[in-house]
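Read through the structure below, which is laid out as structure tokens, and then see the notes.
Residue numbers (my numbering), protein chains in the order written: chain A, 1261 to 1488; chain B, 1261 to 1488.
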């Protein structure tokens, strides 16, 4: 059975990506990161999702990105609330973490080479992506080129492939795809700034994009929100 | 003053690279990693070197690469000893750590973007390099391409540059360059498998390449060896 490493944050996109890899017949190794987030709720969500969907393994790598500072997701800046959709779609937000997907994919590559996987899945999305540069197709393609030059396996003739199956889907399309794949979206956690008991805020960019996606898909989000 | 991030392991090559960046007029931010090495001696060497050479800052990022296993440098396999020079020069050794330089450069990129640096220095070397794929010029070039696609700064028009000033030098040439730059090579630590009190083994690939370099440069290595 061919193996794949799947980056899993516990959100809607990475969960749908894991379901996609499993549906394509891969034995999946889910990989999550603890990186000085304000909350560890998403690690718990990732664990439950990996189990529920049937990942072969779930590994959590601790990385201390706080030494780099500079982002709302690493604790230095407030998470913006209630931004209009137009504003979310434009520019790079304060929730941008420098080189985050580069670091995540580097770890995924190391794990892939170690376990003999040649396929890496990431839930990057270039449509409703809040302007993160490391969610664009050209970034994914550049990482794939790098992966094949960086590794012993690449030098020896293997071909690593970076799969970003959601990259051109809208949030509504991702939600529909998740439901087609029988994913229980109640397990997923998207909020950047949940309450202490893990309830989504309903006002950060991530909650707003998710809620907009459910509205556009004419579906009800099974997740509970503090405000919406 | 223009800033640069310099990857610093405390070995001969990265120390000479730091001295090169300083000589070129950069304000340098040295970056070292604790990554489940058998020994933390090299972190101590890196600290002393950063101070002695006049780096502006020295940061140490803890990363747990043991979860990837698979290499003598991460503790799973014995470090090979007394290999002939020809054998060292051929093939990829067990000291290869999957995606190590990719992970290191990703962190360097995150730090560079955070502090407003556009230049990253790495002591990669493609001549006496023991066959590591992620020390080749094409790997460095691919990472530079990636860096400019991966980052907010890149999207906004900045140009990141990955400098590998030693990439085409022999070990003897690196040693001569270090001495031209007044580097005290007694501070450097190259051994993969030192004694508990930090004395170099004299028999691992790294010691053998270093000693060969000193012989070819007709110079005496100021570092003490358990065997040579």
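Yeah, the Cβ is synthetic: ideal placement off N, Cα and C, and Gly gets one too. Everything numeric in this text was worked out from a predicted model, so none of it was measured.
Neighbourhood of residue 1406 (chain B) in chain A, by CB distance below 7 angstroms: 1362, 1402, 1403, 1406, in chain order. Apart from sequence neighbours up to five positions away, the residues of its chain that approach residue 1443 (chain B) with a beta-carbon distance below 8 angstroms are 1275, 1276, 1279, 1313, ordered along the chain. Here the stretch 1396-1410 of chain A makes no contact with the stretch 1291-1311 of chain A; the two share fewer than three CB pairs at distances below 8 angstroms. Beta-bridge analysis with DSSP links residue 1485 (chain B) to B:1460.
Secondary structure at residue 1341 (chain A): strand, using DSSP grouped into helix, strand and coil. Against chain B, a Cβ distance below 9 angstroms from residue 1369 (chain A) picks out 1358, 1359, 1362, 1363.
The Cβ-Cβ distance between residue 1358 (chain B) and residue 1465 (chain B) does not fall below 8 angstroms.
Residue contact with chain B for residue 1293 (chain A): absent (no Cβ-Cβ distance below 8 angstroms to any residue of chain B).
Per the DSSP secondary-structure output, residue 1474 (chain B) pairs with nothing in a beta bridge. Using a CB distance cut-off of 8 angstroms, residue 1415 (chain A) counts as an interface residue toward chain B. In chain order, 1267, 1293 place their CB closer than 7 angstroms to the CB of residue 1364 (chain B), counting only its own chain and leaving out the 5 sequence neighbours on each side. Using beta-carbon distances, residue 1317 (chain B) does not count as an interface residue toward chain A, since no partner is under 8 angstroms.
Annotated three-state conformation of residue 1418 (chain A) is coil, per DSSP. Under the 8 angstroms criterion on CB atoms, residue 1366 (chain A) is classed as interfacial with respect to chain B. Each of B:1360, B:1375, B:1295 was checked against the Cα of residue 1288 (chain B), and the nearest Cα belongs to B:1375.
Partner residues in the beta bridge of residue 1379 (chain A), as assigned by DSSP, are A:1264, A:1421. A straight-line Cα-Cα distance of about 7 angstroms links residue 1415 (chain B) and residue 1393 (chain A). Under the three-state reduction of DSSP output, residue 1288 (chain B) falls in the strand class.
For residue 1311 (chain B), the enclosing alpha helix (DSSP H) begins and ends at 1301-1313.
Considering only A:1349, A:1318, A:1302, the residue with the shortest C-alpha distance to residue 1472 (chain A) is A:1349. At least one CB atom of chain A sits nearer than 8 angstroms to the CB of residue 1328 (chain B).
Taking a C-beta distance under 8 angstroms as the contact criterion, residue 1270 (chain A) and residue 1448 (chain A) qualify as a contact pair.
Residues 1407 of the same chain have their beta carbon placed closer than 6 angstroms to that of residue 1369 (chain A), with the five preceding and five following residues left out of the count.
Note that the C-beta distance between residue 1306 (chain A) and residue 1290 (chain A) is below 8 angstroms.
The CB of residue 1300 (chain A) never comes closer than 9 angstroms to any CB in chain B; the least such distance is about 17 angstroms. Taking a beta-carbon distance threshold of 8 angstroms, residue 1409 (chain A) counts as an interface residue toward chain B.
Straight across, the Cα-Cα distance linking residue 1362 (chain A) with residue 1303 (chain A) is about 20 angstroms.
Judged by DSSP in its simplified three-state form, residue 1398 (chain A) adopts helix. DSSP places residue 1428 (chain B) in the coil class of the three-state scheme, outside both helix and strand. Listed as beta-bridge partners of residue 1321 (chain B) by DSSP are B:1293.
Proximity of residue 1428 (chain B) to chain A, defined by a Cβ-Cβ separation below 8 angstroms, is not satisfied. Judged by beta-carbon spacing, residue 1301 (chain B) lies within the 8 angstroms limit of residue 1458 (chain B), meaning their Cβ atoms are closer than that value. Across the set B:1383, B:1384, B:1286, the C-alpha of B:1286 shows the shortest separation from the C-alpha of residue 1261 (chain B). In this structure, residue 1272 (chain B) sits away from residue 1430 (chain B), with a CB-CB distance that is not shorter than 8 angstroms. When the Cα atoms are used, residue 1481 (chain A) and residue 1453 (chain A) turn out to be separated by approximately 18 angstroms. Secondary structure note for residue 1453 (chain A): it is in no alpha helix (DSSP H), with a DSSP letter that is neither H nor E.
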